[in-house]
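Protein chains in written order, with numbering that gives the first Met the number 0: chain A, 0 to 376; chain B, 0 to 436.
By construction, the Cβ of each residue, glycine as well, lies at the ideal position given by its N, Cα and C atoms.
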Amino acid sequence: MASSLLEGNEAIALGAFHSGCRFFAGYPITPATTIFNAMLRLLPPAGGVCLQGEDEIASIGYCLGASMAGLKVMTATSGPGISLYSEHISFAIGSEIPIVVVDVQRLGPSTGSATRGADGDIQFLRWGNSGGLPVIVLAPVDVKDCYHLTMEAFNLAQELRCPVFIASNKEIGMTRESIDMDSLVMPTIREREAPPPGEPFLPFEIPPGREVPYFLPIGDKVLVRQTSSTHGPDGYITTDPNQMAESRGRLMRKLHGAVDRFSFYEAHMENDADTLLLTYGVTARAAKDVFEERKSGRKPISLLVLKTLWPVPANLIKEKTKDVKRIVVLEMNLGQYVGEVRRVLCDKRVDFFGQMDGRLINPQQIKEVINHAQSIE
Amino acid sequence: MPSLLNESRPPVFCPGCSHERITHALDSCFKNMGLQGNQVVIVSDIGCSGLFDTYFHTHAFHGLHGRALNYATGLKLAQPELKVVVTMGDGGLGIGGAHLLSACRRNLDLTLLILNNFNFGMTGGQFSATTPPAALVASGFLNQLESPMDVCQVARSAGASYVTRCSSYRKDLPEVLEAALRFEGFSLVDMWGLCPGRYTKKNKLTPKIIEEALGNMPPLEGPVKENLRQEYGHHYRELASREKPALPPLKVEAKFRPPHPGRQDVVILGRAGQKVITAGEILCLAGLLAGLWVTQKNEYDITVLRGPSISELILSPEKIGYTGIDRASVVVAIGQEGVDRRSALFDHLDEDSLVIQAQGVEVPPSKARVQEVDFKGQGVSIQDWALACLSIMATLDEVISLEMLQSALKLIVKEQVLTSALELIARIQVGDGLKYR
Numbered sequence: 000m001a002s003s004l005l006e007g008n009e010a011i012a013l014g015a016f017h018s019g020c021r022f023f024a025g026y027p028i029t030p031a032t033t034i035f036n037a038m039l040r041l042l043p044p045a046g047g048v049c050l051q052g053e054d055e056i057a058s059i060g061y062c063l064g065a066s067m068a069g070l071k072v073m074t075a076t077s078g079p080g081i082s083l084y085s086e087h088i089s090f091a092i093g094s095e096i097p098i099v100v101v102d103v104q105r106l107g108p109s110t111g112s113a114t115r116g117a118d119g120d121i122q123f124l125r126w127g128n129s130g131g132l133p134v135i136v137l138a139p140v141d142v143k144d145c146y147h148l149t150m151e152a153f154n155l156a157q158e159l160r161c162p163v164f165i166a167s168n169k170e171i172g173m174t175r176e177s178i179d180m181d182s183l184v185m186p187t188i189r190e191r192e193a194p195p196p197g198e199p200f201l202p203f204e205i206p207p208g209r210e211v212p213y214f215l216p217i218g219d220k221v222l223v224r225q226t227s228s229t230h231g232p233d234g235y236i237t238t239d240p241n242q243m244a245e246s247r248g249r250l251m252r253k254l255h256g257a258v259d260r261f262s263f264y265e266a267h268m269e270n271d272a273d274t275l276l277l278t279y280g281v282t283a284r285a286a287k288d289v290f291e292e293r294k295s296g297r298k299p300i301s302l303l304v305l306k307t308l309w310p311v312p313a314n315l316i317k318e319k320t321k322d323v324k325r326i327v328v329l330e331m332n333l334g335q336y337v338g339e340v341r342r343v344l345c346d347k348r349v350d351f352f353g354q355m356d357g358r359l360i361n362p363q364q365i366k367e368v369i370n371h372a373q374s375i376e
Numbered sequence: 000m001p002s003l004l005n006e007s008r009p010p011v012f013c014p015g016c017s018h019e020r021i022t023h024a025l026d027s028c029f030k031n032m033g034l035q036g037n038q039v040v041i042v043s044d045i046g047c048s049g050l051f052d053t054y055f056h057t058h059a060f061h062g063l064h065g066r067a068l069n070y071a072t073g074l075k076l077a078q079p080e081l082k083v084v085v086t087m088g089d090g091g092l093g094i095g096g097a098h099l100l101s102a103c104r105r106n107l108d109l110t111l112l113i114l115n116n117f118n119f120g121m122t123g124g125q126f127s128a129t130t131p132p133a134a135l136v137a138s139g140f141l142n143q144l145e146s147p148m149d150v151c152q153v154a155r156s157a158g159a160s161y162v163t164r165c166s167s168y169r170k171d172l173p174e175v176l177e178a179a180l181r182f183e184g185f186s187l188v189d190m191w192g193l194c195p196g197r198y199t200k201k202n203k204l205t206p207k208i209i210e211e212a213l214g215n216m217p218p219l220e221g222p223v224k225e226n227l228r229q230e231y232g233h234h235y236r237e238l239a240s241r242e243k244p245a246l247p248p249l250k251v252e253a254k255f256r257p258p259h260p261g262r263q264d265v266v267i268l269g270r271a272g273q274k275v276i277t278a279g280e281i282l283c284l285a286g287l288l289a290g291l292w293v294t295q296k297n298e299y300d301i302t303v304l305r306g307p308s309i310s311e312l313i314l315s316p317e318k319i320g321y322t323g324i325d326r327a328s329v330v331v332a333i334g335q336e337g338v339d340r341r342s343a344l345f346d347h348l349d350e351d352s353l354v355i356q357a358q359g360v361e362v363p364p365s366k367a368r369v370q371e372v373d374f375k376g377q378g379v380s381i382q383d384w385a386l387a388c389l390s391i392m393a394t395l396d397e398v399i400s401l402e403m404l405q406s407a408l409k410l411i412v413k414e415q416v417l418t419s420a421l422e423l424i425a426r427i428q429v430g431d432g433l434k435y436r
């Protein structure tokens, strides 16, 4: 076996590059800066563009322009930068601009702790846009996921014309790990769909049987309009309530209706388990250790690691928890995704353990939580 | 060439608005240049200048307030052949100030048309970055407290290579715009005009007054000599073409057996500047050379060259889950800051654990074996202590062998320093035997 030593951030950059990303713009911020560094090594020699924006607003703004000109684009930051991205995230949602946004999370709120990990942006990523329409958020566990999920993120962004977030964490992004690059199974790279030739093109027209408009780049022979304002199929402002309702509904439907196709996860199910650990991100690694330790013991547990967080993969969560009595949700925050799990599993007992002190949740803590949960019963 | 005006959407401005003149001047300019709609993108900002993209049969991009230069930059770098025209009001200048400065400094081939009518027309006539303090506006007394900005002087100091300040009522406005569009680089045209819907309701301003005011200012028209330089896009592509393609990740074949078959957890406790993270990487590569799974989790403060630097390293024949280390097999104590940060680690050490302790660094009592090393006495400089400790581990047959370490060094250390690194690991003396507590 030939292995490489990569950190999560480098793996994200490589995944992006191999997906055909040829435009990156970012603003330096710990712990996301090494994505910028890697893109700067990868893109210019390959004819691509890597820019250092004057701030985060500009960085994602550059990406939106380049994306509408037809390039696959990515930007990367941490919580304080996501705050500044907000207006452009809303733009990308409403105006269906494909972009991959990496959030290498650090302990918040605000500038918080630059070199400490957390998963504190999980609801922020979902709701940090005006209008409250859905986004896609994928959460890697390790270096391999960083590579693989970034490729999936590019595919989803092109196919569904929307922003796709990678919710990483300092503890994944800046942790180096062995990875056998040759053993990776990669998704087929997908592109935006151009309209069938010869037919008149309206930039936001939805042909029958589709939920996503066809794409032509600004600069094409055919004129293309883009606007952040509420628009009709022709890309001009609309005041028609029916058009407004239809397009808002579609922006929700196109993601919610498709999430079963991109519900990435890892499930380790034990027949005799009455407890299931449900977690995501770097915490899944400690949870997996506990699962392995318990596997051969008297009281095995099951484990569900979600890698698609938004839209909530409700069907997957219901299916994987149907045979257990209790679910223990583990998060590197003080309780965010557990609310979604409780909403989906309103008839089940859902316990929670969270921590926000810059340290990883360790296996010993998880065992104590499980034992405590069992002793309450 | 035919007009590029959008016949189905004729301009809708307040009667007497100078934006309408600019719309027609821009159309004449496009016609005179022989441009077709699909060769142009109009990137419009927010406010009345944000209506421009709808009045033309060109590509169009309309976004958020003050950000038009962001989108324009992305579009131009992705489609260098496109003629990119940005329309922005004096409001956009204020909210997008950082972007304006950046565009001036960068000199990408864009044209910024500033429709400067001294107030926020669309939202009710509030003051902007160019409103005179004596003007009556919808922001009460607030504009009396601020100095208006001369955007042309700002742009010039920021490095703009083409700046024109003019009245929207200039007869040769199409030619003024054409010269700006033809300029290869960032061009800015600051056009002073009237906002009859808001501003001129309470403030006396006429084309004549504008003309006189401009006459009293130092004229600015066209290329700014001291700022002339290469266009950004061309320059970018020229420099990028000289960059060497990025190397793919290094692949390491397993060719050694580790001294111990089981999992090893190593923590290096040092301080910034001791190359702790590099030593950790070398240890991980040594692990790969023995076919092991490895992880390296680092901890340091945001300060540079101060404070603790800690690396937690796991080398294991099994896939690694949790990347933290609560029970270490080897602790390398070479910096007091690192030891103090992780003093609790020593409570969990057992008789099998090893502490490599640099002389002069205090460590808490523990059950572990302690190997003290006098680096200073051996003439090892402090930034090499972490690497020297790897050599001690190899000598003691802990975690790695000497050949693993040597091969790992050869993988990443540059040729110039490899010899001295190999010499260093060869000359380190472990010193007196292990101490037990």
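Measuring only between beta-carbons, confirm whether Cys47 of chain B sits less than 8 angstroms from chain A.
no
For the beta strand (DSSP E) containing Ile324 of chain B, name the first residue and the last one.
Element bounds for Ile324 of chain B: n/a, residue is neither H nor E.
Quick check on this structure: which residue in A:Thr76, A:Lys324 and A:Gly197 has the alpha carbon closest to the alpha carbon of Leu344 of chain A? A:Lys324
Reduced DSSP secondary structure (H/G/I, E/B, other) of Thr320 of chain A
helix
- prompt: Going by DSSP, what residues sit across from Leu421 of chain B in a beta bridge?
  reply: In DSSP, Leu421 of chain B forms no bridge with anything.
Three-state class that DSSP yields for Lys298 of chain A in the structure shown: coil
Practice item. Report the three-state DSSP secondary structure of Thr129 of chain B (helix, strand or coil). Key: coil
Taking DSSP as the reference, what is the three-state secondary structure of Glu311 of chain B?
strand
| message | For Leu83 of chain A, would you say it is in contact with chain B, using Cβ-to-Cβ distances shorter than 8 angstroms as the test? | response | no
Based on the DSSP secondary-structure assignment, which residues constitute the bridge partners of Arg368 of chain B?
-> B:Leu353
*asked:* I'd like to check one pair, Asp264 of chain B with Gly184 of chain B: are the Cβ atoms closer than 8 angstroms?
replied: no
- Message: Which residue marks the beginning of the alpha helix (DSSP H) containing Leu408 of chain B, and which one marks its end?
- Response: Leu401 to Ile411
ask   = Would you call the CB atoms of Leu268 of chain B and Arg341 of chain B closer than 8 angstroms?
value = yes
- Taking buried to mean at least 16 other C-beta atoms within 10 Å of its own C-beta, is Ser328 of chain B buried or exposed? buried
Any Cβ of chain A within less than 8 angstroms of the Cβ of Lys293 of chain B?
At residue 293 of chain B the sequence reads Val, which differs from the Lys that was named. Interface residue, yes.
Straight-line CA distance for Arg436 of chain B to Leu389 of chain B? Unreliable placement is indicated for Arg436 of chain B, whose pLDDT of 45 sits below 50; the coordinate value is still reported in the next sentence. Whole-angstrom Cα-Cα distance: 23 angstroms.
Item to complete: Could you tell me if Glu376 of chain A is buried or exposed, where buried requires 16 or more neighbouring beta carbons within 10 angstroms of its beta carbon?
Response: For Glu376 of chain A, the predicted model reports a pLDDT of 48, less than 50, meaning its position is unreliable and no value from the coordinates is stated.
Residues of its chain near Ser146 of chain B, where Cβ-Cβ distance is below 8 angstroms and the 5 sequence neighbours each way are ignored: Pro132
| When A:Cys145, A:Thr33, A:Pro199 and A:Arg224 are compared against Met185 of chain A, the one with the closest alpha-carbon | A:Cys145
Below 8 angstroms, can you find three or more Cβ-Cβ pairs linking the region 201–210 of chain A to the region 20–38 of chain A?
no
*Neighbour list for Gln78 of chain B in chain A, Cβ cutoff strictly below 8 angstroms*: Ala68, Gly69, Pro216, Ile217 and Gly218
Sequence-distant residues of its chain with Cβ nearer than 6 angstroms to Arg175 of chain A (five each side left out)
Leu4 and Glu6
Residues of the region 349–372 of chain A whose Cβ lies closer than 8 angstroms to any Cβ of chain B, in chain order: Arg358, Leu359, Asn361, Pro362 and Gln363
For Asp239 of chain A, report the span of its alpha helix (DSSP H) as first-last. Premise fails: Asp239 of chain A is in no alpha helix (DSSP H) and is neither H nor E.
Worksheet item: CA-CA distance, Lys319 of chain A and Leu3 of chain B?
Response: 59 angstroms
> Any beta-carbon of chain B closer than 8 angstroms to the one on Pro162 of chain A?
Replying inline: no
Next item on the list: Find the residues of chain A that neighbour Cys103 of chain B, judging by a C-beta separation of less than 8 angstroms, and give them in chain order.
Entry: None at all; the shortest Cβ gap to chain A is about 11 angstroms.
Could you tell me the distance, in whole angstroms, from the CA atom of Arg358 of chain A to the CA atom of Met331 of chain A?
9 angstroms
inquiry  = Against Ser177 of chain A, what residues of chain B qualify as contacts under a CB-to-CB distance less than 7 angstroms, listed in chain order?
reply    = Leu287, Trp292 and Val293
Margin query: Please report the distance separating the alpha-carbon of Ile165 of chain A from that of Val368 of chain A.
Written below: 28 angstroms
Pro75 of chain A, DSSP secondary structure in three states
The sequence as given places Ala at residue 75 of chain A; Pro does not occur at that position. Strand.
Task: Closest residue to Ile113 of chain B among B:Val293, B:Leu238 and B:Thr163 (Cα-Cα distance) - done: B:Thr163
Under 7 angstroms by beta carbon: chain C residues contacting Pro43 of chain A: Among the protein chains in the structure shown, which are A and B, there is no chain C.
Out of B:Gly376, B:Ala407, B:Val412 and B:Val362, point me to the one whose CA is closest to Val429 of chain B's CA. B:Gly376
Q: Taking 8 angstroms as the cut-off, decide whether the C-beta atoms of Glu280 of chain B and Lys296 of chain B are in contact.
A: no
Closer than 8 angstroms to chain A by CB, Gly73 of chain B: yes
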